[in-house]
Ligand code: SAH
């Protein structure tokens, strides 16, 4: 947990950023985000610290923004929606895995809510930058790792109570469902890139898995296997 406006390293516009964040949170509420825990977490995480300096003035717009390398920081509404779905479990997940660290923003939101957050990223400079941000902002419960292209997820650190995939898979990635703990859930965008992606919730119940297909979404592709 951090108090950004008291934090010496937090860049720039202290009170202004708090006001912009509060406006964004009000907007998310208007859009139907109900979970107070999610709204509070998003009110605390300084999104402007997760985008390039040139993008600071747009950091609290409810839009995805480019973060370089053809990748994007997710739209706040989608971050809120995915995080709410993780919290909708009967038991609160402790051990959470995110695939696709990107800017690090979604991982920071998760870190406000869950005990331990593992996050993996396959683009080295993004991984390194996110790592620096977590250190600078004091997110000690985030374990950032560089992803290996021959292996999806982090099987050696699992099983996980929850897995959040922030890149779109063509098909349900079974390598990840195997890393779910009993009663664990995974939220993953699934479908052909360029249209038809949906947010999918997978729950593990004993030997079987249930699947619910939710809203249409649009994520950059999940890279599976070698380039
Ligand atoms: N959660 C991010 C959004 C990331 S965009 C944020 O809050 O900013 C999706 C990211 O997934 C990209 O950075 C991309 O490089 C990464 N990615 C794609 N396939 C991956 C894989 N197999 N393992 C780890 N990261 C992957």
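Residue numbers (the working numbering): 11 to 237.
The beta-carbon is built from N, C-alpha and C at its ideal position, and this holds for glycine as well.
Remember, it's a predicted structure, so these values are computed and weren't measured experimentally.
- For residue 115 against residue 55, the beta-carbon gap comes to about 7 Å, under 8 Å, which counts as contact.
- If you keep only unbroken beta strand (DSSP E) runs of at least 3 residues inside the stretch 186 to 228, you get 190 to 200, 208 to 215, 218 to 226.
- Taking C-beta atoms as the reference points, residue 106 and residue 120 count as a pair closer than 9 Å.
- Beta bridge pairing from DSSP links residue 43 with no other residue.
- For residue 175 against residue 196, the beta-carbon gap comes to about 7 Å, under 8 Å, which counts as contact.
- A distance below 8 Å between beta-carbons, with the five flanking residues on each side excluded, links residue 33 to the following residues of its chain, in chain order: 70.
- Judged by DSSP secondary structure, residue 137 falls within the alpha helix (DSSP H) whose first and last residues are 134 to 147.
- Taken through DSSP and simplified to helix, strand or coil, residue 50 comes out as helix.
- Assignment of residue 233 by DSSP, reduced to helix, strand and coil, places it in the coil class.
- Around the CB of residue 225, fewer than 16 other CB atoms lie within 10 Å, so the residue is classed as exposed.
- With contacts defined by Cβ atoms closer than 9 Å, residue 108 and residue 129 form a contacting pair.
- Contact between the stretch 165 to 183 and the stretch 195 to 211 is present: 3 or more CB-CB pairs across the two stretches fall below 8 Å.
- Residue 76: member of the beta strand (DSSP E) spanning 75 to 78, first to last residue.
- Just measuring C-alpha positions, the residue of 97, 193, 104, 154 sitting nearest residue 113 is 154.
- Distance from the CA of residue 110 to the CA of residue 80, rounded to the nearest whole angstrom, comes to 13 Å.
- Taken through DSSP and simplified to helix, strand or coil, residue 61 comes out as coil.
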